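Undergrad: Okay, handing you the structure first.
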Amino acid sequence: MIIVSGLSGSGKSTALHTLEDLGCFCTDNLPPELLSDWAAQALRNHQYAAVCVDARSAESPQLLAQDLQRRMEQNHRWKLLFIDSTDRALQRRFSTVRRRHPFAPNTNIPEAITRERKALAPLREQADRVLDSSELNPYELADLVEQFWMAHEQTEHKSQQLFTSLVSFSYQRGLPESADMVIDIRFLPNPHYETDMAQLTGQDAEVATFLHGFSQTNTALEQIQQWLTTVRPQMVTERKHHFTLAIGCSGGRHRSVYMVEQLAQWMRQQSEWLPLNVRHRELGLQRTMTTTNNEG
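In this text, residue positions in the sequence shown follow the numbering used here: the first is 2, and each later residue adds one.
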């Protein structure tokens with residue numbers, strides 16, 4: 002039983018449609034008062050079910066949060082997925098559509114977003130997973146929702162899995178909000194200032210050869226691998242389902258991309274790190290590795 006909630010315009014519908022494609026029986030914008038009866042009926046006829054609830058559905062978001070918390074404590078199969086986004090991204094989305102913000106009948110969009118964010122804060126705090134869709138297109142968000150579903154679906158039938166995401170990014174555009182840990186590699190030599198490399202990326206052989214030629218690059222890669230090897234068993238012990246490691250540099254095109262690619266290659270050789278999601282934020286590229294023979 003997956004409950005989807007989040008801010009208006011963040012991508013809740015995309016999340017629910019993704020879960021429906023994965024085989025969940027889905028209902029959108031269900032009044033919380035009907036949740037118990039709906040869940041009993043849905044799970045009687047379907048193995049998996051998902052429902053979207055938000056601030057519009059409840060007389061009091063605080064009471065809704067308390068009710069959901071009680072349900073999840075009583076039944077570990079109830080999971081809460083919260084879709085978030087930055088104010089800037091939400092304002093941009095509402096400026097391009099005719100849809101009115103549900104909190105803005107008599108106020109402007111920024112104020113409406115602030116009011117809704119405050120109302121939904123209790124739900125966000127108790128979510129099993131918060132996905133930030135600010136920099137994601139619908140396909141990228143769908144990939145993360147699928148990872149969330151797979152993690153909990155397989156936990157019911159198999160041993161615990163840790164779904165890992167690697168993200169490269171530029172500090173000029175800010176930190177990825179979904180990151181569990183951030184590593185700054187701006188201390189490495191920057192290929193951007195080398196002849197004929199400015200227009201390339203860390204996925205190109207010339208850039209990889211350049212960076213590999215420096216001892217500090219190889220030392221950093223080895224130390225990150227050692228750290229990951231040390232902490233992974235602890236994260237599994239703590240029943241952590243998702244781990245996102247973000248690696249940043251100045252422009253998010255050379256050094257961070259190279260380091261993420263090297264770590265992805267290393268993880269791909271070890272089945273315990275799969276499935277693995279790789280995302281290069283500034284390049285707009287994402288792929289998912291699910292087996293040791295799949296390049297993604």
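Note that beta-carbon positions come from the ideal geometry of N, C-alpha and C, so glycine has one too.
Nothing here was measured: the structure is a model prediction, and the numbers come from that model.
Does the pairing of the region 182-189 with the region 207-224 give three or more beta-carbon distances under 8 Å?
TA: These segments touch.
Undergrad: Excluding the 5 residues preceding and the 5 following V183 in the sequence, name in chain order all residues of the same chain whose CB lies nearer than 7 Å to its CB.
TA: Against the sequence shown, residue 183 aligns to sequence position 182. Taken in chain order, the residues that qualify are L176, A247, G249.
Undergrad: So the alpha helix (DSSP H) N219 belongs to, where does it begin and stop?
TA: Position 218 of the sequence shown, counting from 1, holds the residue named residue 219. That run of the alpha helix (DSSP H) goes 216-238.
Undergrad: Would the beta-carbon of V299 fall within 8 Å of that of A180?
TA: The shown model of the chain, from 2 to 297, leaves out residue 299, and the question about it has no answer.
Undergrad: The beta strand (DSSP E) that contains L132, what's its start and end?
TA: The sequence position of residue 132 within the sequence shown is 131, counting from 1. Run containing L132: 130-133, per the beta strand (DSSP E) assignment.
Undergrad: Quick one: grab the DSSP three-state call for L167.
TA: Here residue 167 refers to the residue found at position 166 when the sequence shown is read from its first residue. Correct three-state label for L167: strand.
Undergrad: Specify, as a first and last residue, the run of the alpha helix (DSSP H) that F95 falls within.
TA: Sequence index remark: in the sequence shown, residue 95 carries index 94 (1-based). Per DSSP, F95 belongs to the alpha helix (DSSP H) from 88-96.
Undergrad: Helix, strand or coil for D197 per DSSP?
TA: Taking the first residue of the sequence shown as 1, we reach residue 197 at position 196. Reduced to three states, the DSSP call for D197 is coil.
Undergrad: Here's a check: name, in chain order, each residue in its chain whose Cβ is nearer than 8 Å to the Cβ of Q226, leaving out the five neighbours to either side.
TA: Sequence index remark: in the sequence shown, residue 226 carries index 225 (1-based). So the list reads L264, W267, once near-sequence residues are dropped.
Undergrad: Drop a sphere of 10 angstroms on the beta-carbon of L82, count the other beta-carbons inside from all chains shown, and report buried for 16 or more, exposed for fewer.
TA: On the sequence shown, residue 82 is found 81 positions in, with the first residue counted as 1. It is buried - the Cβ of L82 has at least 16 other Cβ atoms within 10 Å.
Undergrad: Spatial neighbours of L142 within its chain, please: CB distance less than 6 Å, with the 5 preceding and 5 following residues excluded, ordered by chain position.
TA: The residue labelled residue 142 in the question sits at position 141 within the sequence shown. Excluding sequence neighbours, L142 sits near G12, T15, S134.
Undergrad: Put R280 into one of helix, strand or coil per three-state DSSP.
TA: Counting from one through the sequence shown, the residue named residue 280 turns up at place 279. DSSP places R280 in strand when its eight states are reduced to three.
Undergrad: Provide the residue span of the alpha helix (DSSP H) that contains D22, from first to last.
TA: For the purposes of this step, residue 22 is taken as the residue at position 21 of the sequence shown. From DSSP, the alpha helix (DSSP H) with D22 extends over 13-22.
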